[in-house]
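In the working numbering, each residue's number is its place in the sequence shown (first place is 1) plus 872.
Following: one structure in structure tokens, then a few remarks.
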Amino acid sequence: MSGTAKPLADGAAGNAAFDKLKGRWQRPDGGYVLAIKSIAAGGAMDAAYYNPNPIHVAKAEAKRADATLQVFVELRAPNYPGSTYTLTYDQEHDQLRGDYFQAVERQTFKVVFVRMK
């Protein structure tokens, strides 16, 4: 994530901002699911990824750039050797939007995750 991105401050205010990110998110273009279970005050996330079976999440974190919440997820599995999601929370539409870097093909795709009800 870029220059001004930083973990949210410790304490209740930081945790409250991160709460918006918790939940199950699905990519409508393929049914991929990102489940954000919990987020520590420093930004470390307990997250899972499914396609439709579980794919190992090597790293997951939330950050803030000014008033914007950002999510970074790195996948490590046989068909996902370092593929990453770099997403921004769109509060108006309650979506996660951003880039998916597909490591095997070395290509980046624009993606959207919608909250599952």
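Don't be surprised by glycine CBs; every beta carbon is placed ideally from N, CA and C.
Figure out for me which residue from the options has the closest Cα to the Cα of residue i.
i: Ala920; options: Ala939, Gly895, Asp901; result: Gly895
i: Val929; options: Ala937, Asn923, Arg948; result: Arg948
i: Leu906; options: Val943, Val976, Ala912; result: Val943
i: Phe985; options: Gly903, Tyr952, Ser955; result: Gly903
i: Asn923; options: Tyr952, Ile911, His965, Asp938; result: Tyr952
Tell me the residue span of the beta strand (DSSP E) that contains residue i.
i: Val905; result: 905-911
i: Asp938; result: Counting along the chain, Asp938 falls outside any beta strand (DSSP E), and DSSP gives it neither H nor E.
i: Met917; result: 917-922
i: Gly895; result: 895-898
i: Lys982; result: 979-987
Within the same chain, show all residues whose beta-carbon is closer than 8 Å to that of residue i, passing over the 5 residues directly before and after it, in chain order.
i: Thr940; result: Thr960, Tyr961
i: Val983; result: Arg899, Asp901, Tyr957, Leu959, Arg969, Gly970, Asp971, Tyr972
Suppose the cutoff is 6 Å on Cβ atoms and the five residues either side in sequence are ignored; what does the same chain contact list for residue i look like?
i: Gly915; result: Pro879, Glu933, Ala934, Lys935
i: Thr980; result: Asp971, Phe973
i: Lys909; result: Asp918
Based on DSSP bridge pairs, tell me the residues matched to residue i.
i: Val976; result: DSSP output for Val976 lists no bridge partner at all.
i: Lys931; result: Glu946
Please confirm whether residue i has its beta-carbon closer than 8 Å to some beta-carbon of chain C.
i: Pro953; result: No chain C is present in this structure, which holds just one protein chain.
Which runs of the beta strand (DSSP E) at least 3 residues long sit entirely within the segment 938-973? Give them in chain order. Whole beta strand (DSSP E) segments, 3+ residues: 940-949, 952-962.
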